[in-house]
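Engineer: The numbering of the sequence shown is the UniProt record's numbering, which starts it at 1 and goes up by one.
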Amino acid sequence: MRCIVGYEATPQGLDSLNLGIEMAKTFGYDLEIVLVLRRHDVFSAEYPPIGGVADILVTQAFKWLEGALARVPEGINARGHVFSGTSTADGLLRAREELGARIIVVGGASSSPLKRHKLGTVAHDLLFGCPVPVALAPRGYTPHPVARINCAVGTRPGSGSLVSEGLLLAGAADLPLRLVALVGEEDNGDVLARTQSVLDEARAGLNDVAEAAAASDMDAAEARRQQVEVDIAIGKSSDVNHAIENVGWDDGDILFVGSSRIEQKSSVFAGSVAMRILRFLTVPLVVVPRGYDARKRWLK
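#1: Quick one: measure Cβ to Cβ for residue 87 and residue 125, integer angstroms, because I've assumed they're closer than 8 Å.
#2: Alpha helix (DSSP H) containing residue 90: first to last residue?
#3: Looking at C-alpha atoms only, which residue of 99, 183, 121, 78 is the closest neighbour of residue 89?
#4: For the UniProt domain "UspA" (2-137), which segments carrying the beta strand (DSSP E) assignment without a break, of at least 3 residues, lie completely within its bounds, in sequence order?
#5: Using the three-state DSSP reduction, which class does residue 290 fall into: helix, strand or coil?
#6: Could you tell me if residue 257 is buried or exposed, where buried requires 16 or more neighbouring beta carbons within 10 angstroms of its beta carbon?
#7: Taking the alpha carbon of residue 180 as the reference point, which residue from 46, 239, 74, 249 has its own alpha carbon closest?
#8: Just the C-alpha distance for residue 243 and residue 192, rounded to the nearest angstrom, thanks.
#9: Out of 38, 41, 61, which has the shortest C-alpha to C-alpha gap to residue 49?
#10: Thinking C-alpha only, which one of 79, 72, 99 is nearest residue 143?
#11: For the region 98-114 against the region 132-142, are there 3 or more C-beta pairs whose distance is under 8 Å?
#12: Between the alpha carbons of residue 285 and residue 237, how many angstroms are there, rounded?
#13: So which of 153, 42, 36 has the shortest CA-CA distance to residue 312?
#14: Given a cut-off of 7 Å, decide if residue 15 and residue 107 are closer than it, judged by their beta-carbon atoms.
#15: Alpha carbons only, please: which of 105, 280, 8 is nearest the one belonging to residue 130?
#16: So, under 8 Å CB-CB, residue 146 and residue 254 are touching, yes? Tell me the CB distance rounded to an integer number of Å.
#17: Rounded to the nearest angstrom, what separates residue 209 and residue 175 at their Cα positions?
#18: With residue 180 as the anchor, note down where its beta strand (DSSP E) starts and where it stops.
#19: DSSP three-state label for residue 257, please.
#20: Taking just the CA atoms, how far does residue 59 sit from residue 173?
#21: Is the distance from the Cβ of residue 100 to the Cβ of residue 182 below 7 Å?
#22: When you compare only the Cα positions, how much space is there between residue 288 and residue 165?
#23: Going by beta-carbon coordinates alone, are residue 80 and residue 47 separated by less than 7 Å?
#24: What I want to know is whether the C-beta of residue 243 ends up closer than 6 Å to one or more non-hydrogen atoms of the ligand MN.
#25: Run the CB neighbour count on residue 162, radius 10 Å, all protein chains shown included, and call it buried at 16 or more, exposed below.
#26: With distances taken from CA atoms, which of 177, 246, 170, 151 is nearest residue 27?
#27: Could you give the C-beta distance for residue 102 and residue 1, rounded to a whole number, given that I count them as a contact under 8 Å?
#28: State the DSSP-derived secondary structure class of residue 200, mapped to helix, strand or coil.
#29: Could you pull the start and end residues of the beta strand (DSSP E) that residue 230 belongs to?
#30: The alpha helix (DSSP H) that contains residue 147, what's its start and end?
#31: Quick one: Cα of residue 263 to Cα of residue 134, how far?
#32: Using the rule of at least 16 other Cβ atoms within 10 Å of the residue's Cβ for burial, across every protein chain shown, is residue 227 buried or exposed?
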């Protein structure tokens, strides 16, 4: 599966690259490292260039890509590309379409507090309409092997599809899965029982994977999915920051959240809950479009 890494020769570009590398190690992604030049003519080129390059900006972009590719460890497939776009997000979306990538990784704003998230222009634009998941690296991201997948589980219907994706990803990567429920103090319902119900529903909904899969690798993925270790963590507080802190986070955690229910289906739209989580989270965050089918996309 191909992963777009939105790169630039800045600390935020390095954050994005480091997260892309760790996700490639864990999920077997092929990295497509993309540097976008803001220009109106449609242009793309793969590194290394063939023949001479007359454009001084393209020449500099290739030098930056050379430096980025040198950071990728052996054993990870990686290519470098220069794309044009009226904005960086526009160029990344065009690269995603042309290269057939299934996820885009970007860094945050330069003004973000260290180890925290703050949306820059690129991430903001991607989080309001991207057709594939968008992974966000916190500022100053220190590379850590992905050790646990976390899925945010809401109290409203619709969390099952995200949990299904978590089960499949955790099974494929042989990692534990944690379901994270953030609720207010006023929520007096049985949060644990509701979250367990979402998990049971997701497991039941995936029972047809092995039957429908013709390839043996999907059969193996289904078998691993059935054996995924799942924990449930509940953060209860009227303050989102306190709720997130109450859950507790370790190096190597990565959190998946579903996008808002008001967006167009199969595109990302970061809702108010995701945006509030984003402000206080210290680990990488992946925003997944509503209706995204993990069985057809994540594991290809």
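We put the CB at the ideal spot given by N, CA and C, even for glycine.
Structural biologist: Reading from the atomic positions:
#1: 6 Å
#2: 88-99
#3: 121
#4: 2-6, 30-38, 44-47, 78-85, 103-106, 134-136
#5: coil
#6: buried
#7: 249
#8: 15 Å
#9: 61
#10: 72
#11: yes
#12: 21 Å
#13: Since the first and last residues shown for the chain are 1 and 300, residue 312 lies out of range.
#14: yes
#15: 105
#16: 6 Å
#17: Residue confidence for residue 209 is low, a pLDDT of 47 falling below 50, so the modelled location carries little weight and cannot support an answer.
#18: 177-183
#19: strand
#20: 38 Å
#21: no
#22: 10 Å
#23: yes
#24: This structure simply doesn't include the ligand MN, nor any ligand for that matter.
#25: buried
#26: 170
#27: 5 Å
#28: helix
#29: 230-236
#30: Here residue 147 belongs to no alpha helix (DSSP H), and DSSP marks it neither H nor E.
#31: Its pLDDT being 44, under 50, residue 263 is placed unreliably in this model, and the value from its coordinates should be taken loosely. Those two C-alpha atoms are separated by around 15 Å.
#32: exposed
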